[in-house]
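K.L.:
Using the UniProt record's numbering, the letters of the sequence shown map in sequence onto residues 1 to 102.
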Amino acid sequence: LLRRYQVPVAVASDFNPGTSPFCSLHLAMNMACVQFGLTPEEAWAGVTRHAARALGRQATHGQIRAGYRADFVVWDAEQPVEIVYEPGRNPLYQRVYRGKIS
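1. How would you label residue 122, buried or exposed, when you count the other beta carbons within 10 angstroms and need 16 or more for buried?
2. With a threshold of 16 other CB atoms inside 10 Å of the CB of I83, please say whether the residue is buried or exposed.
3. Could you pull out every residue in the same chain whose Cβ sits closer than 6 Å to the Cβ of A10, ignoring the five residues on either side in sequence?
4. Going by beta-carbon coordinates alone, are F72 and V34 separated by less than 7 Å?
5. From what residue to what residue does the alpha helix (DSSP H) around Y85 run?
6. Give me the DSSP bridge partner(s) of F72.
7. Mind checking whether V74 and Y93 have CB atoms under 7 Å apart?
Written as structure tokens, this is what we have:
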């Protein structure tokens with residue numbers, strides 16, 4: 001129903017010690033696809049532009065574009081789908097925070 005009406009779906013870990021004791025974004029993306037039927041593309045949108053929108057930061061975060069804050073990561077992966085379907089592997093290659101490699 002959400003997909004039919006093009007409702008943006010944010011994906012996050014909801015980390016807390018009571019009901020969600022994990023903070024892995026990879027696992028959250030994997031669960032969004034495997035358990036809730038999102039496509040990998042929908043999961044990626046869910047952790048980027050839809051998450052920024054859910055937090056009210058869509059004017060400065062969630063996309064790589066001019067004027068937006070330069071916070072992003074570079075993955076060691078052939079295809080973006082690898083990040084979604086291999087949650088136990090950490091393919092982080094490089095992190096850019098506020099426009100600087102860190």
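Idealized CB from N, CA, C, for every residue including glycine.
P.N.:
Taking the structure as given:
1. Residue 122 cannot be examined here, being either before or after the span of the chain that is shown, 1 to 102.
2. buried
3. G46, H50, A51, A54
4. no
5. 81 to 85
6. V96
7. yes
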